[in-house]
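As structure tokens, the structure follows; a few thoughts come after it.
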Amino acid sequence: MSEDEARRMFEPEAWEERYAGEAKMWSGNPNPQLVAEASGMVPGTALDVGCGEGGDVVWLAQQGWTVTGADFSATGLESARRHAEDAGVAERTTWWQVDARTFDAEGRQFDLVTSHFLHTPDGSMVDVAGRLATAVAPGGHLLIVGHAPSEVFTQLSQSHRNAMFLAEELLPGLPEGFEALVVEQRPRSTVRDGVQVDIDDSTLLARRLR
1 MSEDEARRMF EPEAWEERYA GEAKMWSGNP NPQLVAEASG MVPGTALDVG CGEGGDVVWL
61 AQQGWTVTGA DFSATGLESA RRHAEDAGVA ERTTWWQVDA RTFDAEGRQF DLVTSHFLHT
121 PDGSMVDVAG RLATAVAPGG HLLIVGHAPS EVFTQLSQSH RNAMFLAEEL LPGLPEGFEA
181 LVVEQRPRST VRDGVQVDID DSTLLARRLR
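Taking full-length UniProt numbering, the leading residue of the sequence shown gets 1, the next gets one more, and so forth.
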């Protein structure tokens, strides 16, 4: 795969194609770091940016949250909407088509803003973190989780490897008034191409104080 082709995979058109197939892209299960952190929070309003097929949205709604799922793929959002209907939580969910790279909260605020495995190929995740932070209500939380660089991913394109990040690299994106609660790489075992591998989830959890 050329670098041009690899970079195209980060664009909405490529994800429209991927979500257009009959098979599900993801398991439908919630991401483990979301479960680890949000399980101890009092349910309120939540925004999941880069929600894909809606596994995290559905789980949050099942825990009592009122959730907005956001993604730049209309096809992915439609799949997520059906997932929420099938799970019986449609009344607790709404959907928002938006590109995280140009995200504007438009004055909306949420008790929890979360994003899992959203990666940008140009090193702009610091900017994305700052944009998402604007949607956090006072006293609310921002949770961003992504792939940490690893030898496990050496077969991927340079663009994909450049898109990975360490949790501490996002800290400059946090606006004044945020307190970082978790800044770490958390080990996790997963299966890739039929083989169990150990990877790290870069995990940033911050709370808006005011």
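A virtual CB, placed ideally from N, CA and C, is assigned to each residue, including glycine.
Fill in: Three-way DSSP call (helix, strand, coil) for Q33 in this model
Assignment of Q33 by DSSP, reduced to helix, strand and coil, places it in the helix class.
Worksheet item: Rounded to a whole number of angstroms, what is the C-alpha to C-alpha distance between L60 and W95?
Response: When rounded, the distance between both Cα atoms is 14 Å.
Discussion item. What does the alpha-carbon distance come out to for the pair H147 and V195?
Written reply: Roughly 18 Å between the two C-alpha positions.
Fill in: Coarse secondary structure for S79, derived from DSSP in three states
If DSSP states are grouped into helix, strand and coil, S79 belongs with the helices.
Worksheet item: According to DSSP, is P149 helix, strand or coil?
Response: Reduced to three states, the DSSP call for P149 is coil.
Worksheet item: For T68, which three-state DSSP category applies?
Response: DSSP places T68 in strand when its eight states are reduced to three.
Worksheet item: Roughly how many whole angstroms lie between the Cα atoms of V67 and D48?
Response: Those two C-alpha atoms are separated by around 7 Å.
Practice prompt. Whole angstroms is fine: what's the gap from W26's alpha carbon to G107's?
Written response: Unreliable positioning characterises W26 in this predicted model, as indicated by a pLDDT of 49, which lies under 50. A coordinate reading is not provided.
Fill in: Closest by C-alpha distance to S73, when choosing among W65, L118, D86
For S73, the nearest C-alpha among the options comes from L118.
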